Amino acid sequence: MSEDRDVQDQKQPEDAEVIQGEVVNEDAAEAQPVSEHEQKVYELETALSDAQAQIKEQQDSVLRARADMENARRRAEAEVEKARKFALERFAGELLPVIDNLERAIQAGDGENDAVKPLLEGVDMTLKSFVSTIEKFGLTPIDPQGEGFNPELHQAMSMQESADHAPNTVMAVMQKGYQINGRLLRPAMVMVSRAPEGGVDTQA
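Counting in our numbering, the sequence shown runs from 39 upward without gaps.
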């Protein structure tokens, strides 16, 4: 009887070990799919993160390329505008002697002479039409008669004492000056007044 009990007692631990082993194996079997699932999720999340980083990098590259293109376009436009203005300045500068000669012809002509009067009127009309045309391109005359001397726009050819003019006043314009699009093309040649007591600095 006691031997039977010993056999049963020996079988019970063995059975317990078998049962416990089966439970452990089942838990491992259940845990394995979960681990594979988590690994797959991790891989997908990593791939998504990498893809998003690449997209962001490409977007930044596109933005930089657009900015570079815009800057290049602006530089090209500025260079074209600069070249246009330079060419226009040279062209307008070549035309100034023509204006000067037409003005001298009108000043030298005798408007009271009936034979000359129609000719002077024709020259005057030509001058006005010519000046009106080039003014459309930004040319403006500098005629400072009676104004204060401005060394940035005027060139003093002489000074003369005058009690009728305030010191440093343009008494006479010997030759008109011109600007084009706000840039000085030629200063006006002028005579400047000074006080009878002494000279006045024309640069003041």
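Just so you know, even glycine gets a beta-carbon here, dropped at the ideal spot from N, CA and C. Given the structure is predicted, the values throughout are model-derived calculations rather than measurements.
Here residue 87 carries a helix assignment [DSSP, helix/strand/coil]. Listed in chain order, the beta strand (DSSP E) elements of length 3 or more contained wholly in the segment 128 to 184 are 177 to 180. Following the DSSP letters along the chain, one finds residue 191 in no beta strand (DSSP E), marked with neither H nor E. Residue state for residue 74 is assigned as helix, using DSSP reduced to three classes.
By the Cβ-count criterion, residue 78 is exposed, with fewer than 16 other Cβ atoms from all chains shown falling within 10 Å of its own Cβ. Secondary structure note for residue 231: its beta strand (DSSP E) is the uninterrupted segment 226 to 232. Residue pairing by DSSP places residue 221 opposite 218 in a beta bridge. The three-state secondary structure of residue 121, taken from DSSP, is helix. Non-local beta-carbon contacts of residue 154 in its own chain, meaning distances under 8 Å to residues more than five positions away in sequence, involve 147 and 148 in chain order.
Nearest to residue 158 by alpha-carbon distance, out of 82, 139 and 113, is 139. Residue 209 places its beta carbon less than 8 Å from that of residue 198.
Nearest C-alpha to residue 141 among 161, 126 and 156: 161.
Here DSSP, grouped into helix, strand and coil, assigns residue 204 to coil. Residue 213 is bridged by DSSP to 227. Cβ neighbours of residue 195 within its own chain (closer than 8 Å, five residues either side excluded): 212, 227, 228 and 229.
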